[in-house]
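Using this note's numbering, you'd call the opening residue of the sequence shown number 177 and step up by one each time.
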Amino acid sequence: MRIVLTGGAGFLGSHLCDLLTSEGHRVICVDNLITGRIANIRHLLNDSKFEFREHDVTEPIRIDGRADYVLHFASPASPVDFERLALEILRVGSLGTINLLELAIYKKAKFLLASSSEVYGDALVNPQSESYWGNVNPIGIRSVYDEAKRFAEASTMAYRRKGLDTKIARIFNTYGPRMRKDDGRVVSTFIVQALSNQPLTVFGDGSQTRSFCYVSDLVEGIYKLMLTDIHEPVNLGNPEEMPILELAKQVLQIAGSKSQILYKALPQNDPRLRRPNIEKARQLLGWSPKVSLNEGLARTIDWFSTLSR
């Protein structure tokens, strides 16, 4: 296939570029580099199956020739971005999504939206299944991302009802190499702090839970979803739940760090529970995560340690 992938120089997008090109597909990677990095895709720049375009998808994009698939992964997605890049997040989730849906219609291409577990907000049910409508504060700090993804999903389904072949992946916490050091996500933050022997910052008492999916598992799930005829949202993530305090201790152990743990007040609307129900992915895609948290953290810590060598 010839595939247009937005956000392709970002953390998830770059790993998806790797998988798609390894499967023999041609990839047009589109990124405005607001949070993506050329370093993430440098190894692909001389690959004849890969093309990079620096472009902001909130502006219409022209693609010459055919396009078989449009994958929309463009958006700042880290907690530190929610205030710093609030307007950019809203624009790419709204204008950007509409532009790419229109491109898919024009090219007679299929469309896949990278949505997020953030559509569930501070969930009142656990685990979260695709039928849960969420508990979102529409005016909080996190709302720019939450509502941008909810709008993007609504837009995708509206175009689906008009005849476009669409898919929606609801992505839960993912980690691995190529995460930004300063992205504010808990795994990268803990690793950077542990490797520099700084205190690990745990918000609240650390009893809030998350689940963590290694990036290779996640992109495999996305690829499987691409190849199906499933049009309703599908959760992709690791169903194994862990308190944040336990994650901090595990990072310290694997990194061999002497850092202490520093407790701070919880941020506004920080979800207390976050864990996917992945029965739909198991049954319809034959997919579930394979990489254990211990193994994934070891790989990620090793990658971060190379940045300072």
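Note that beta-carbon positions come from the ideal geometry of N, C-alpha and C, so glycine has one too. Since this is a predicted model, take the numbers as computed values, not measurements.
Cβ-based neighbour list, residue i, same chain, cut-off 7 Å, excluding 5 preceding and 5 following
i      : result
Ala334 : none
Leu195 : Val395, Tyr399
Val467 : Tyr390, Ser392, Asp393
Ile214 : Ala185
Asp322 : Glu294, Val295, Gly297, Val312
Val246 : Val180, Leu276, Leu279, Ala280, Ala285, Phe287
Residues that DSSP places opposite residue i in a beta bridge
i      : result
Cys389 : Thr350
Ala185 : DSSP, once it has assigned bridges, lists no residue as partnering Ala185.
Val488 : Given a span of 177 to 485 for the chain in the structure shown, any question on residue 488 remains unanswerable.
Lys343 : Leu288
Leu412 : Ile347
Pro452 : Gln304
Glu227 : Ile204
Given residue i as reference, the closest of the options once Cα atoms are compared
i      : options                        : result
Asn373 : Gly316, Gln426, His407, Gln436 : Gln436
Glu230 : Leu279, Ala185, Ile420         : Ala185
Met177 : Gly200, Ser190, Ile274         : Gly200
Cys389 : Leu340, Gly472, Lys434, Asp359 : Gly472
Leu401 : Ser464, Gly183, Met355         : Ser464
Ala324 : Val427, Ala280, Phe249         : Phe249
Leu376 : Ser383, Ile367, Gln384         : Ile367
Pro447 : Arg267, Ile237, Leu220, Ser319 : Ser319
Leu300 : Asn311, Ala290, Ser291         : Asn311
Gly360 : Pro443, Arg218, Asn302         : Pro443
Ser251 : Asn208, Leu438, Lys338, Ala424 : Asn208
Pro255 : Gln426, Ile317, Asn302         : Ile317
Ile237 : Leu266, Cys205, Ser224, Asn222 : Cys205
Lys343 : Leu277, Asp240, Ser224         : Leu277
Lys425 : Asp232, Glu235, Gly382         : Gly382
Asp244 : Asp341, Tyr308, Gly183         : Asp341
Leu428 : Ala441, Ala474, Tyr439         : Ala474
Lys357 : Leu188, Leu483, Glu259, Arg336 : Leu483
Thr385 : Ala370, Asp298, Asn470, Thr365 : Asp298
Glu408 : Ala370, Phe287, Ile477         : Phe287
Ala262 : Ile315, Phe228, Leu279         : Ile315
Phe480 : Tyr308, Lys440, Pro353, Leu438 : Pro353
Met355 : Gly380, Trp309, Ile477         : Ile477
For residue i, the first and last residue of its enclosing beta strand (DSSP E)
i      : result
Ile406 : Neither: Ile406 is in no beta strand (DSSP E) and is coded neither H nor E.
Val440 : It should be noted that the sequence gives Lys, not Val, for residue 440. Run containing Lys440: 437-440, per the beta strand (DSSP E) assignment.
Arg202 : 202-207
Leu376 : 376-379
Met417 : Per the sequence presented here, residue 417 reads as Glu, with Met not at that position. Here the beta strand (DSSP E) through Glu417 covers 417-419.
Contact set for residue i: own chain, Cβ-Cβ below 8 Å, skip 5 residues either direction
i      : result
Asn496 : The displayed coordinates of the chain run from 177 to 485. Any statement about residue 496 would go beyond what the structure contains.
Phe327 : Gly269, Ser270, Thr273
Leu460 : Thr404, Ile406, Val410
Ser387 : Phe348, Asn349, Gly413, Asn414, Pro415, Glu416, Glu417, Met418, Arg450, Arg451, Pro452
Asn217 : This sequence places Ile at residue 217; Asn is not what is there. For Ile217, where only same-chain residues beyond five positions count, the Cβ hits under 8 Å are Gly184, Ala185, Ser190, Cys193, Cys205, Phe226, Phe228.
Phe379 : Ile420, Tyr439, Lys440, Ala441, Leu442, Pro443, Asp446
Opening and closing residue of the alpha helix (DSSP H) in which residue i lies
i      : result
Ile217 : Ile217 -> no alpha helix (DSSP H), and no H or E assigned at all.
Ser481 : 469-483
Lys456 : 455-461
Thr365 : 362-371
6 Å Cβ shell around residue i - same chain, five flanking residues per side excluded
i      : result
Val203 : Ile179, Leu181, Cys193, Leu196, Thr197, Phe226
Val363 : Tyr351
Leu266 : Val320, Ala324
Quick check for students: name the residue ranges of the alpha helix (DSSP H) that lie wholly in the stretch 302-340, counting only runs of 4 or more. 319-337
Scan the stretch 230-308 and note each continuous beta strand (DSSP E) run of 3 residues or more that stays entirely inside, going in chain order. Listed in chain order, the complete beta strand (DSSP E) runs (minimum 3 residues) inside the stretch 230-308 are 245-248, 286-292.
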